[in-house]
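Q: Numbers 1 to 610, taken from my numbering, label the letters of the sequence shown in order.
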Amino acid sequence: MKNSSLYLVLFISIFLSACGGGGSGSGSKDLDVDNDGIETIADCNDADPSINPSATDLPDEDFSDSNCDGIDGNISKGIWVSATEGNDSFTGTIDAPVQTISKALSLAALLPVSDRQVYVVSGAYAEDLIVENDINLYGGYELLSSGTRARNLTSARASLLGVDGDKKVNLTFNGTTSPVDFTVLIQNGNSTLDGFILDSDKSGFGVILINAGGSIKNSILQEKIPLAPRDVSGLVAVIIETLATENRVVSVSKNLLTMTGNGLAGNGKDFGVVALPEDAALKNLSLNVSDNTFDSEGDGEVAIAVFGADNDDNPNDDPTTDARSEITMVVKNNFFSMTSSHSVSSGVAGGLLIDDAVVPGPNYFIESVEVTGNEFIYDGDGTGVGASIGPARGHSIIANNVLSLDTRMTGVIGMTSFMSHTDVFYNTLSVDLNGKNSYGLLFMGDDSLLNYINQTPGSVTNNIFSLKSVSFAACGLIGVLEMMKATADANVNMASPSEFKNNDIFVTGDCTTEILYSDIQTVSPPGTRLDINSINNLNNKLGFRPDDPTVFSNNISEDPLFTNTIAGDFTLTGASPALDSGLMFEAGWKDITGTLRPQGPEVDMGAYEK
Numbered sequence: 001m002k003n004s005s006l007y008l009v010l011f012i013s014i015f016l017s018a019c020g021g022g023g024s025g026s027g028s029k030d031l032d033v034d035n036d037g038i039e040t041i042a043d044c045n046d047a048d049p050s051i052n053p054s055a056t057d058l059p060d061e062d063f064s065d066s067n068c069d070g071i072d073g074n075i076s077k078g079i080w081v082s083a084t085e086g087n088d089s090f091t092g093t094i095d096a097p098v099q100t101i102s103k104a105l106s107l108a109a110l111l112p113v114s115d116r117q118v119y120v121v122s123g124a125y126a127e128d129l130i131v132e133n134d135i136n137l138y139g140g141y142e143l144l145s146s147g148t149r150a151r152n153l154t155s156a157r158a159s160l161l162g163v164d165g166d167k168k169v170n171l172t173f174n175g176t177t178s179p180v181d182f183t184v185l186i187q188n189g190n191s192t193l194d195g196f197i198l199d200s201d202k203s204g205f206g207v208i209l210i211n212a213g214g215s216i217k218n219s220i221l222q223e224k225i226p227l228a229p230r231d232v233s234g235l236v237a238v239i240i241e242t243l244a245t246e247n248r249v250v251s252v253s254k255n256l257l258t259m260t261g262n263g264l265a266g267n268g269k270d271f272g273v274v275a276l277p278e279d280a281a282l283k284n285l286s287l288n289v290s291d292n293t294f295d296s297e298g299d300g301e302v303a304i305a306v307f308g309a310d311n312d313d314n315p316n317d318d319p320t321t322d323a324r325s326e327i328t329m330v331v332k333n334n335f336f337s338m339t340s341s342h343s344v345s346s347g348v349a350g351g352l353l354i355d356d357a358v359v360p361g362p363n364y365f366i367e368s369v370e371v372t373g374n375e376f377i378y379d380g381d382g383t384g385v386g387a388s389i390g391p392a393r394g395h396s397i398i399a400n401n402v403l404s405l406d407t408r409m410t411g412v413i414g415m416t417s418f419m420s421h422t423d424v425f426y427n428t429l430s431v432d433l434n435g436k437n438s439y440g441l442l443f444m445g446d447d448s449l450l451n452y453i454n455q456t457p458g459s460v461t462n463n464i465f466s467l468k469s470v471s472f473a474a475c476g477l478i479g480v481l482e483m484m485k486a487t488a489d490a491n492v493n494m495a496s497p498s499e500f501k502n503n504d505i506f507v508t509g510d511c512t513t514e515i516l517y518s519d520i521q522t523v524s525p526p527g528t529r530l531d532i533n534s535i536n537n538l539n540n541k542l543g544f545r546p547d548d549p550t551v552f553s554n555n556i557s558e559d560p561l562f563t564n565t566i567a568g569d570f571t572l573t574g575a576s577p578a579l580d581s582g583l584m585f586e587a588g589w590k591d592i593t594g595t596l597r598p599q600g601p602e603v604d605m606g607a608y609e610k
């Protein structure tokens, strides 16, 4: 027994010596499993190097406590506000919040830029807000009575109610300056608005960003029902002011946006997200709209979920030397539900088109637009337009979208490209209505815009255009339409795509006019209309002008056999002729669900890969 005790003492002394526990003064050191420089004993998650007391912790969708202080955010940096627990005489700490967001903003402006966060506790805030100085606002924090300041975007979003008609901002378009109402104005900086329920002003907009960048996310934005018919309304307006000094990037993501119309059929314009420059603005804007749900309801003249246009010194000047604002838009992975009663309803519009009066001025264009991975579901009155682009200076794309435009629409245009080099890939279009005129894909040109003559359509590949209409004999169905307004015969092909390959154009109904592919050329003197109703003639390019530049091949005209259109399921059944009928033109493409193409011998046509 004595020997065993001696061995144990010797073992312990040797172990401690090996660990530096002798008289050298080096001391012992705890383990650091994740190698983030923080010892295990002081690290709240030693399995993740991004989580430790020294980490930066901005509120996020995962509600993760990255800096181990017990909340999603930084408990000691920023200003806290609570409508029910606070008082504007308090200091704005987590335990002593102020009562109004306006007071919190004034206190946050005094902090170092990296600490300018405002944490908004659940409650109702009836105030119009002006956000400056790069301050970020985060909602969704629970009351202290819940036992913690946990962040919960399901039950604890703060409501920004605004005050109708209270604060206004003056904006100048087409030589006219007008006051515009708002609930939140973000200007001259970069700010985040995250985790709120926000009501727009009854006579104006919800959020207006002027010379500002940043993000609006994880929020519910909704228009109030107007007290009287209004001319213009919307949820988010991004404005480049004439005096702007910086280019900006704005992101609108993971929100629910509800448009309620303008209060009277045929009156006013209603926007979900709109981006425009003031007169003579010079700086540029990149607008990214992703992973949102748009719902358009109510009455009005025009409803557009996402719209952007910039201005030009002169549309006939060289666009490479144009000094005016340029706007690029990326619109991806959104869901558009358009059930409103408007003369025109559009999911995405970049530049002019459909209704010139939508934008305030004659020289409005767009730099480029990317429309990918979206779902457009329309069941309203009037004319429905899925996505339209142009005139555009750069390369644009419409790809991997599902467009279902059904029942009550009096007219449909699935996709439109006007004086734009637009590629159209992997889209699924289904039109099934008791309507008048429907076009699956429309290309338009006008050679009076001299410097956009070279902006001709690009490739149209692997799309499904399924158009049906019954019980309206005077209706017209055209799968693809080229419409060129030319002053010279040499320009009649400006609306012709470079190639049209591996598409399914299925047109059926009891309409007076049912055409697979039409080429209308209006010149001075008047030109011609070429209608192609045979898929064989289309693929062999029979009936076109000898100088038509489009390359046609491997197109079909068969029912794509969607799984269940009534239920909104536009995947392909096992018997679909669109399966393995596409053209593999570039590796790495995924379908609208993220499935890698191809899954079979060849890629499938349309937005879904089976």
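Think of the CB as a built atom: it goes at the ideal place given N, C-alpha and C, for glycine as much as any other residue.
Computed from a predicted structure; not experimentally measured.
Starting from S215 and walking both ways along the alpha helix (DSSP H), at which residues does that stretch end?
A: Here S215 belongs to no alpha helix (DSSP H); instead the beta strand (DSSP E) covers F205 to K217.
Q: Check this for me: beta carbons of I397 and Y439, under 9 Å apart or not?
A: Cβ atoms of I397 and Y439: not closer than 9 Å.
Q: From V236 to G308, what distance separates their C-alpha atoms?
A: Taking the straight line joining both Cα atoms gives about 12 Å.
Q: Which residues in the same chain as I220 place their Cβ atom closer than 6 Å to its Cβ, once the five residues preceding and following it in sequence are excluded?
A: Within the same chain, I220 has close Cβ partners I197 and L256.
Q: Give me the Cα-Cα distance between F182 and V470, rounded to the nearest whole angstrom.
A: If you take the alpha carbons of F182 and V470, they lie about 45 Å apart.
Q: Would you report the Cα separation of S576 and D423, rounded to the nearest angstrom?
A: The straight-line gap from Cα to Cα measures roughly 25 Å.
Q: Taking the Cβ atom as the reference point for each residue, do I347 and I366 lie within a distance shorter than 9 Å?
A: Note that residue 347 is Gly in the sequence shown, not Ile. Not a contact, by the Cβ cut-off of 9 Å.
Q: Check whether the Cβ of P97 lies closer than 9 Å to any Cβ atom in chain C.
A: Considering every chain present, this structure includes no chain C. It has just one protein chain.
Q: Got a sec, what are the start and stop residues for the alpha helix (DSSP H) L107 sits in?
A: From DSSP, the alpha helix (DSSP H) with L107 extends over I101 to A108.
Q: With the cut-off set at 9 Å, would you say R248 and N211 are in Cβ contact?
A: Result yes, Cβ atoms of R248 and N211 sit closer than 9 Å.
Q: Quick one, are the C-beta atoms of N133 and A109 less than 9 Å apart?
A: Result yes, Cβ atoms of N133 and A109 sit closer than 9 Å.
Q: Pair every Cβ in the region 526-533 with every Cβ in the region 448-467, then say whether three or more of these pairs are closer than 8 Å.
A: Flag = no, the region 526-533 and the region 448-467 do not touch.
Q: Which value, in whole angstroms, describes the spacing of the CA atoms of Q222 and Y119?
A: Roughly 22 Å between the two C-alpha positions.
Q: Excluding the five sequence neighbours on either side, which residues of its own chain have a C-beta within less than 8 Å of the C-beta of M483, listed in chain order?
A: Hits under 8 Å: L442, F443, M444, G445, A495, I520 and T522.
Q: Terminal residues of the continuous alpha helix (DSSP H) containing N536?
A: Unbroken alpha helix (DSSP H) run through N536: I535 to N539.
Q: May I ask you to list the residues that DSSP assigns as paired with T410?
A: Its beta-bridge partners do not exist; DSSP assigns none.
Q: Mind checking whether V611 and V369 have CB atoms under 9 Å apart?
A: The question about residue 611 has no answer here: the residues shown for the chain are numbered 1 through 610.
Q: Can you tell me which of the three DSSP states A607 falls into?
A: A607 falls in the coil class under three-state DSSP.
Q: Any idea what DSSP makes of V113, helix, strand or coil?
A: Note: V113 maps to helix in three-state DSSP.
Q: Quick one: what's got a C-beta closer than 8 Å to S498's C-beta in the same chain, skipping five residues either side?
A: Excluding sequence neighbours, S498 sits near T456, P457, G458, S459, P549, T550 and V551.
Q: Starting from R529, trace the beta strand (DSSP E) both ways and give me its first and last residue.
A: Per DSSP, R529 belongs to the beta strand (DSSP E) from T528 to I532.
Q: Hey, out of F465, D547 and C511, whose CA is closest to N555's CA?
A: For the residues F465, D547 and C511, the minimum Cα distance to N555 belongs to F465.
Q: Excluding the five sequence neighbours on either side, which residues of its own chain have a C-beta within less than 6 Å of the C-beta of L405, listed in chain order?
A: The answer, listed in chain order, is Y378, G384, V412 and V431.
Q: In the DSSP assignment, what are the bridge partners of P179?
A: N170, per the DSSP bridge assignment.
Q: Pick from G268, A474 and G213: whose alpha carbon is nearest that of S233?
A: Closest option to S233, Cα to Cα, is G268.
Q: Cα separation between A357 and F335?
A: Only weak support exists for where A357 lies, its pLDDT of 43 falling under 50; the value from the coordinates is given anyway. So the alpha carbons of these two residues sit roughly 26 Å apart.
Q: G92 and A104 look like a contact to me (Cβ under 8 Å); what is the Cβ gap, rounded to whole Å?
A: Sure, about 6 Å apart at Cβ, within 8 Å.
Q: By the three-class DSSP mapping on this structure, what secondary structure does S191 have?
A: Three-state DSSP puts S191 in a strand.
Q: Rounded to whole angstroms, what's the CA-CA distance from G139 to N539? Just pull it up for me.
A: Going by the C-alpha atoms only, they are around 57 Å apart.
Q: For K590, which residues does DSSP report across the bridge?
A: K590 is bridged to L596.
Q: What is the DSSP secondary structure of D201, reduced to helix, strand or coil?
A: Coil at D201, not helix or strand.
Q: What three-state label does DSSP hand T378 in the structure shown?
A: Per the sequence presented here, residue 378 reads as Tyr, with Thr not at that position. Y378: strand per DSSP, three-state reduction.
Q: In whole angstroms, what separates the C-alpha of T416 from that of N427?
A: One C-alpha to the other measures close to 13 Å.
Q: On a CA-only basis, which of P546, V207, L516 and N218 is nearest E127? Give me that one, please.
A: Measuring from the Cα of E127, the nearest candidate turns out to be V207.
Q: Using only CA atoms, which one of D569, E142 and L572 lies nearest to I94?
A: Nearest of D569, E142 and L572 to I94, Cα basis: E142.
Q: How would you write the range of the beta strand (DSSP E) that S159 sits in, first residue to last?
A: Element bounds for S159: A158 to L160.
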